[in-house]
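As they're listed, the protein sequences go chains A and B.
Position one of the first sequence corresponds to residue 100 (the working numbering), numbered consecutively onward.
Position one of the second sequence corresponds to residue 100 (the working numbering), numbered consecutively onward.
Yeah, the Cβ is synthetic: ideal placement off N, Cα and C, and Gly gets one too.
2 protein chains.
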Amino acid sequence: MPSPSSSRAVLLIHGGAGTLSREAMTPERADAFHAGLAESLRAGHAILAAGGSALDAVTAAVQVMEDDPLFNAGRGAVYTTDARHEMDAAVMEGSARRAGAVTSICGPRYPVLAARAVMEQTEHVLLAGDGAERFCRDAGLEFCPPDWFGTRNRLDALQAEMRRRAKGLADDGDQSRKHGTVGAVALDSHGTLAAATSTGGMTAKRPGRVGDTPVIGAGTWADNRTCAVSCTGHGEYFIRYAVGHELDARMRWGGQALTDAATTLVEQELAAVGGSGGLIAVAHDGSFCLPFNSVGMYRGFVRTEQAVLHTGLFRDGERQTPA
Amino acid sequence: MPSPSSSRAVLLIHGGAGTLSREAMTPERADAFHAGLAESLRAGHAILAAGGSALDAVTAAVQVMEDDPLFNAGRGAVYTTDARHEMDAAVMEGSARRAGAVTSICGPRYPVLAARAVMEQTEHVLLAGDGAERFCRDAGLEFCPPDWFGTRNRLDALQAEMRRRAKGLADDGDQSRKHGTVGAVALDSHGTLAAATSTGGMTAKRPGRVGDTPVIGAGTWADNRTCAVSCTGHGEYFIRYAVGHELDARMRWGGQALTDAATTLVEQELAAVGGSGGLIAVAHDGSFCLPFNSVGMYRGFVRTEQAVLHTGLFRDGERQTPA
């Protein structure tokens, strides 16, 4: 087993792939996204730098994005065709492949904490719908009313999409409607990997539709022997390609390096079949990558040895901020 | 790509792992299980022998078990602690990794047809709860009232378990409470693989609990390049080990033979961590296996070239019946 020094600790985050087209991105809006990503990184970095766990770091990083209405998770979650929110989240910790996930919930302020409570307080991995919400109440998680999650922008996006459909127009190919997920992966100073993902799903999604986020092995995966992975993109493809577990398998059985495996899978294989999106992944040796095949992927990373927050939205224009 | 002749076509089924202890198995009850398994095999075999598709064969085989109250899927599904039914099902077809699944539904007579409708009539892979049921109504699937799914035996099992818990007794280790899933995998004369799985879950499960059945990559998987897999057992372990996709990966990246990979995974690795259960799997070359680490696994297989229905409940006592 590798035993990375604390200087190897690293945190990566994503805030969705292509949730705004390049044209629609004003300088003010770009600043807001960079700032939101930096705040998320800062929260996780503080934990890792103090010798905390990867699980705590990814949870904290995701909570910041769940609270930020810019991101499609928690507050700011998109709407279903019923004008409701259905949120999914998952966490996984790599030392013993412990995992927890929730799907189709609306209530807990932090869906990632709901997923973590499933992992830590039940013998189960996945809870759905009303039963999941009931468990969250019993677990004492903070709840918010449905209105708390909604924003004017998301409602406008729903109405625009419903008008488009009412006119019988074909899918506009707008990646912004399909991509919106937040996630984090980390390697801590103890050599443990963890991943967390949270999402409101797709704007105007069919009620009940579940993407890859809460599917352990697809949108979320962590194993200390290989890597931790969190995905964002067109979830159905990420399920059918079992993306998270596929990277694990390419390392474990194929002897591939994480970066080679992830880049090939995202930029070539998923791109070839129309599976738009991206992922963040970190390996047990501290190597990491953030490949995407969409116009952009809101993302960031920080190494504890450098304490510099790297954030990016599109392929160029990366910014660096002191932690 | 392999191109098996029609003589290579094969169907395997399971009706759960250890759903009755050996001691509780009377000769009459054993006869009933063998007959139920044989009827399921017969339905799928008729399709394969006529040159039909693996997808049609596994669907038909699972429907027979969903209708049979002996098996924990469809009619005969177990109860949650709320004395309700929450059923899950999935299908996957190996030529293009198409997949469909439903979770936490009660309504469609054949949950496997609900999963198949998701695959064939939507752009989605997984639908949950009320939204899934609404889709099934819109798709014209046959519905049955909740009472139709219930049986006296399952209600007795729920009440016995609730009494046990009320007394504060620890988990009795009764595998029969945790294992009950039906499934089928097939290779057809065109060289296509398919898998289908359906379940009522665990007796006295927490409402909302989702096991491995509808998790593509865990309880259900099919890819023509490798294998088709359907699992039964303690679902949380099968999710955390991504069992279906793990077999695919061991063949594709590890160069392992299906039988070696599946036997090692089930009989050694899952057994070692307490992941009781088993699986059925068939490879693109027609090789297949039915490993389990539990007391029994209700199972069967038929090769079209032989037209003999093989059925088994425990390790010994396999029966053969003409198709």
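Alpha carbon to alpha carbon, how far is residue i from residue j?
i        : j        : result
A/Pro313 : A/Leu226 : 10 Å
A/Ala285 : B/Pro126 : 56 Å
B/Ile204 : A/Val401 : 43 Å
A/Gly193 : A/Glu219 : 14 Å
B/Asp166 : A/Phe234 : 32 Å
A/Cys326 : A/Leu346 : 8 Å
B/Arg351 : B/Thr179 : 39 Å
A/Ala321 : B/Ala137 : 41 Å
B/Glu232 : A/Asp415 : 45 Å
B/Arg263 : B/Pro245 : 25 Å
B/Gly151 : A/Cys330 : 37 Å
B/Ala134 : B/Pro421 : 12 Å
B/Ser102 : B/Ile112 : Residue confidence for B/Ser102 is low, a pLDDT of 40 falling below 50, so the modelled location carries little weight; the figure read from the coordinates is stated next. Near 23 Å, if we compare the C-alpha coordinates of B/Ile112 and B/Ser102.
A/Ser105 : B/Gln355 : With a pLDDT of 48 at A/Ser105, under the threshold of 50, the modelled position of that residue is not reliable, and the figure given next carries that caveat. Their backbone Cα atoms lie some 37 Å apart in a straight line.
B/Asp311 : B/Gly334 : 5 Å
B/Ala116 : B/Leu378 : 9 Å
B/Ala172 : B/Ser297 : 6 Å
B/Val109 : B/Arg418 : 17 Å
B/Ser386 : B/Val328 : 12 Å
B/Ala213 : B/Ala188 : 8 Å
B/Lys304 : B/Asp181 : 9 Å
B/Leu254 : B/Met261 : 11 Å
A/Asp237 : A/Gly228 : 14 Å
A/Val407 : A/Arg121 : 25 Å
A/Ser139 : A/Met164 : 6 Å
B/Gln405 : B/Leu357 : 22 Å
A/Tyr340 : B/Arg196 : 8 Å
B/Gly267 : B/Ser393 : 26 Å
B/Tyr209 : B/Ala293 : 18 Å
B/Ala123 : B/Thr250 : 18 Å
B/Gly259 : B/Thr319 : The sequence given here has Ala at residue 259 of chain B, not Gly. Answer to the nearest angstrom: the Cα atoms are 31 Å apart.
A/Arg174 : A/Asn252 : 12 Å
A/Arg107 : A/Ala216 : 28 Å
Is the distance from the Cβ of residue i to the Cβ of residue j below 7 Å?
i        : j        : result
A/Ala317 : A/Val281 : no
A/Tyr397 : A/Gly114 : yes
A/Gly299 : A/Phe242 : no
B/Ala256 : B/Thr291 : no
B/Ala176 : B/Met186 : yes
A/Ser375 : A/Gly332 : yes
A/Ala156 : A/Leu147 : yes
A/Gly230 : B/Pro306 : yes
A/Pro390 : A/Val365 : yes
B/Ala295 : B/Val381 : no
A/Asp359 : A/Ala153 : no
B/Ile338 : A/Val224 : yes
A/Ala142 : A/Ala159 : yes
A/Ala283 : B/Ala348 : no
Could you give the first and the last residue of the continuous alpha helix (DSSP H) run that contains residue i?
i        : result
B/Ser139 : 126-148
B/Gly316 : That residue, B/Gly316, is in no alpha helix (DSSP H); it is neither H nor E in DSSP.
A/Leu357 : 357-362
A/Arg414 : No alpha helix (DSSP H) contains A/Arg414, which DSSP labels as neither H nor E.
B/Glu157 : The sequence shown places Val at residue 157 of chain B, rather than the Glu named in the question. Element bounds for B/Val157: 153-166.
Under the assumption that residue i contacts residue j (Cβ atoms under 8 Å), give the Cβ distance between them as a whole number of angstroms.
i        : j        : result
B/Ala198 : B/Val190 : 7 Å
B/His383 : B/Asn323 : 6 Å
A/Ala361 : A/Cys388 : 5 Å
A/His144 : A/Thr363 : About 29 Å; that fails the 8 Å criterion.
B/His184 : B/Phe248 : 5 Å
B/Thr202 : B/Val309 : 5 Å
A/Phe413 : A/Gly395 : 4 Å
Can you give me the start and stop residues for the beta strand (DSSP E) that residue i sits inside?
i        : result
A/Met191 : 186-192
B/Thr202 : 197-204
B/Thr420 : 418-421
B/Thr221 : Element bounds for B/Thr221: n/a, residue is neither H nor E.
A/Arg208 : From DSSP, A/Arg208 is part of no beta strand (DSSP E); its letter is neither H nor E.
B/Ala380 : 376-382
A/Arg402 : 398-402
B/Val365 : Neither: B/Val365 is in no beta strand (DSSP E) and is coded neither H nor E.
- [ ] Any chance you could list the alpha helix (DSSP H) runs of at least 4 consecutive residues sitting entirely within the segment 239-301 of chain A, in chain order?
- [x] Taking 4 residues as the minimum length, the alpha helix (DSSP H) runs contained wholly in the segment 239-301 of chain A are 245-248, 251-265, 274-277, in order along the chain.
Task: Completely contained alpha helix (DSSP H) runs for the segment 320-347 of chain A, where each covers 4 or more residues - done: As far as the segment 320-347 of chain A is concerned, its whole alpha helix (DSSP H) runs of at least 4 residues are 334-339.
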